[in-house]
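These protein sequences, in sequence, are chains A and L. Here the first sequence is numbered in this note's numbering, starting from 68 and rising by one per residue. Here the second sequence is numbered in this note's numbering, starting from 49 and rising by one per residue. Beta carbons are placed, not taken as given, at the ideal position from N, Cα and C, and that holds for glycine. Okay, structure first, notes after.
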Amino acid sequence: DVKVTQSSRYLVKRTGEKVFLECVQDMDHENMFWYRQDPGLGLRLIYFSYDVKMKEKGDIPEGYSVSREKKERFSLILESASTNQTSMYLCASSGRTDPHEQYFGPGTRLTVT
Amino acid sequence: KQEVTQIPAALSVPEGENLVLNCSFTDSAIYNLQWFRQDPGKGLTSLLLIQSSQREQTSGRLNASLDKSSGRSTLYIAASQPGDSATYLCAAGGYKLSFGAGTTVTVRA
């Protein structure tokens with residue numbers, strides 16, 4: 068079974084803090100994704116990585132950066148957390164070849180106060 | 049840009065009734081259509097994936113169909129159970145997916 072894990076289920080941070088969200092997958096997938104999910108807005112793609120050290124902006128990259136130093140690990144960084152970044156953050160991975168089925172982690176509920 | 053719509057946003061059915069969940073998408077040039085289940089406060093669980101060359105996929109009580117030409121997919125859940133209560137999301141695309149907002153299902157015992 069594909070397993071995608073995220074470092075924290077719940078996280079509370081203060082405004083202005085630097086926040087790291089970690090995601091690890093064990094299926095040797097090339098593609099990894101960070102989404103945020105908000106009521107009424109659905110899932111929105113923040114960043115996507117298709118290989119080690121490779122990244123591509125998603126629909127809402129502002130205020131975020133990412134790091135992919137190893138194939139299995141994809142980190143989302145909030146350089147200076149703000150209250151409007153309070154959200155559920157979901158990581159996913161998929162293989163490079165068809166059918167690109169995406170597998171999700173359990174999510175991190177981040178609250179910025 | 050791909051727009052994915054799921055109607056209704058919520059539905060409630062008595063146990064044993066068959067569920068029909070609808071998903072529509074605006075750009076028919078997709079590689080696959082994936083259905084997910086999400087329980088409150090949890091991540092997404094992949095239920096079924098239909099590739100563009102396929103018309104349907106089945107897994108147990110679940111059956112999903114795909115009509116690319118009309119931009120529609122339907123998820124059928126037979127003989128619903130209270131444990132089927134969850135939010136169901138569809139997503140269309142290729143290596144990147146566009147998600148619908150989901151249909152929240154309540155199955156009443």
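Sheet register partners of L:Asp87 (DSSP bridge):
Paired residues: none, contrary to the question.
Assuming contact is defined by CB atoms lying nearer than 9 angstroms, are A:Arg81 and A:Ala159 in contact in what I supplied?
no
Is the Cβ-Cβ distance between L:Ala139 and A:Leu110 less than 9 angstroms?
yes
Distance, Cα to Cα, A:Asp192 vs A:Ile144?
Not covered by the structure: residue 192 of chain A. The range shown for chain A is 68 to 180.
Pull the bridge partners of A:Glu123 from the DSSP assignment, please.
A:Phe115
Quick one, which residues of the stretch 86-101 of chain L are near chain A if we go by CB-CB under 8 angstroms, in chain order?
Gly89, Lys90, Gly91, Leu92, Thr93, Ser94, Leu97, Gln99
Along chain A, which residues have their Cβ under 7 angstroms away from the Cβ of L:Ala149?
Gly109
Going by DSSP in three states, A:Asn98 sits in which element: helix, strand or coil?
strand
Under 9 angstroms, do L:Asp87 and L:Thr135 count as touching if we go by C-beta distance?
yes
Can you list, in chain order, the residues of the stretch 65-84 of chain L whose Cβ is nearer than 8 angstroms to any Cβ on chain A?
Tyr79, Asn80, Gln82, Phe84
Starting from A:Asn98, find everything on chain L with Cβ-Cβ shorter than 8 angstroms and list it in chain order.
Tyr143
To the nearest angstrom, how far is the alpha carbon of A:Asn151 from that of L:Glu63?
40 angstroms
Contact list for A:Leu78 against chain L, beta-carbon separation under 8 angstroms:
Within chain L, no residue comes near A:Leu78; the closest Cβ sits about 14 angstroms away, beyond 8 angstroms.
Quick check: is any heavy atom of the ligand GDP less than 8 angstroms from the C-beta of A:Phe115?
Within the structure as shown, the ligand GDP is missing, as the structure has no ligands at all.
Just the C-alpha distance for A:Lys122 and L:Val61, rounded to the nearest angstrom, thanks.
43 angstroms
What residue range is occupied by the uninterrupted beta strand (DSSP E) comprising L:Tyr136?
134-141
In chain L, what lies closer than 9 angstroms to A:Asp105 by C-beta?
Correct list: empty, because the minimum Cβ distance to chain L is about 11 angstroms.
Considering only DSSP beta bridges, list what L:Ile98 is partnered with.
L:Leu81
Distance check for L:Ser118 and L:Arg156, CA to CA, integer angstroms please.
33 angstroms
What three-state label does DSSP hand L:Asn66 in the structure shown?
coil
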